[in-house]
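Residue numbers (the working numbering): 21 to 271.
We put the CB at the ideal spot given by N, CA and C, even for glycine.
Note that the coordinates shown come from a computational prediction; the quantities given were computed from them, not determined experimentally.
Comments concern the structure below.
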């Protein structure tokens with residue numbers, strides 16, 4: 021009986037150790053996910069929160085929901101489900117906010133493109149027009165444009181900053197695309213975009229020999245660096261006209 025008790029004690033200790041390791045690993049993965057949420061989706065929406073606070077808040081809400089369901093007489097599977105919902109609530113909320121923000125951005129983009137073209141046609145330079153446009157636009161597009169202006173002032177090419185903005189927005193209506201990019205060409209990138217979600221493309225490049233290939237790829241325009249403000253204005257106006265003519269959705 022002594023040996024049996026010892027084996028049971030060892031087995032229980034090992035089971036607790038394994039359980040503890042699993043809990044620690046799961047907790048670490050959960051905290052990592054909340055930090056990624058804070059530094060990824062939330063930061064992209066200019067909402068800055070600490071990942072640890074998000075994790076503590078979601079755990080508190082999950083525990084409160086599970087306790088409330090148990091006190092209401094719900095069976096334990098329901099309590100477990102409410103716990104999971106509480107833990108997932110930040111990601112669910114962020115997903116909703118991201119979709120709402122994208123709808124708002126899509127609604128703002130057509131007027132913003134026209135306003136940018138108007139500023140260029142009135143004699144403003146590219147950076148000056150962007151700065152004024154950023155100040156005039158409401159949230160969330162104004163925040164994105166202000167970031168673009170800061171990047172431009174730090175030496176980031178406007179087409180590169182604009183392309184990064186389009187990637188953050190997701191499914192852009194207009195893409196300013198270079199021919200030579202790290203890892204692939206602009207044509208390689210277009211080949212990866214599904215035809216049904218293909219945006220309007222304006223190539224901005226230092227090479228004139230790819231113009232025919234660009235228009236074969238259905239580019240809207242082909243601008244040579246350094247970009248002339250008037251040519252950019254014309255391309256933006258053409259994008260606005262085509263968008264209106266096709267009746268592209270804003271959401």
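The C-beta distance from residue 132 to residue 153 rounds to 6 Å, short enough to meet the 8 Å contact threshold.
For the pair residue 103 and residue 92, the CB atoms are not nearer than the 8 Å cut-off.
Cβ neighbours of residue 165 within its own chain (closer than 7 Å, five residues either side excluded): 150, 153, 154 and 157.
Rounded to the nearest whole angstrom, the CA to CA distance from residue 224 to residue 37 is 60 Å. Shown here, residue 69 sits in coil according to DSSP, grouped into three states, outside any helix or strand. Residues of the same chain with their beta carbon placed closer than 8 Å to that of residue 119 are lacking, with the five preceding and five following residues left out of the count.
Under the DSSP assignment, residue 223 falls outside any alpha helix (DSSP H), being part of the beta strand (DSSP E) whose first and last residues are 220–225.
In the three-state reduction of the DSSP assignment, residue 240 falls in the coil class, being assigned neither a helical nor a strand state. Secondary-structure assignment with DSSP links residue 194 through a beta bridge to 220. The alpha-carbon separation between residue 254 and residue 230 amounts to approximately 20 Å. Of the candidates 126, 32, 219 and 172, 172 places its Cα closest to the Cα of residue 148. With a threshold of 16 other beta carbon atoms within 10 Å, residue 161 meets it and is buried. When rounded, the separation of the alpha-carbon atoms in residue 228 and residue 142 is 28 Å. For residue 111, the closest C-alpha among the options 61, 32 and 208 is that of 61. Scanning the region 91–172 from its first residue to its last, the whole alpha helix (DSSP H) runs of 4-plus residues come out as 96–141 and 146–156. When beta bridges are read from the DSSP output, residue 174 appears opposite no residue. Between the C-alpha atoms of residue 47 and residue 134 there is a straight-line separation of about 49 Å.
Within the same chain, Cβ atoms closer than 8 Å to the Cβ of residue 213 are found at 219, the five residues on either side in sequence being excluded.
Sorting 100, 177 and 27 by C-alpha distance to the C-alpha of residue 84 places 100 at the top. Residue 72 and residue 54 have their C-alpha atoms roughly 7 Å apart. A Cβ-Cβ contact shorter than 8 Å links residue 81 with residue 106. Within 10 angstroms of the beta-carbon of residue 78 lie 16 or more other beta-carbons, which makes it buried.
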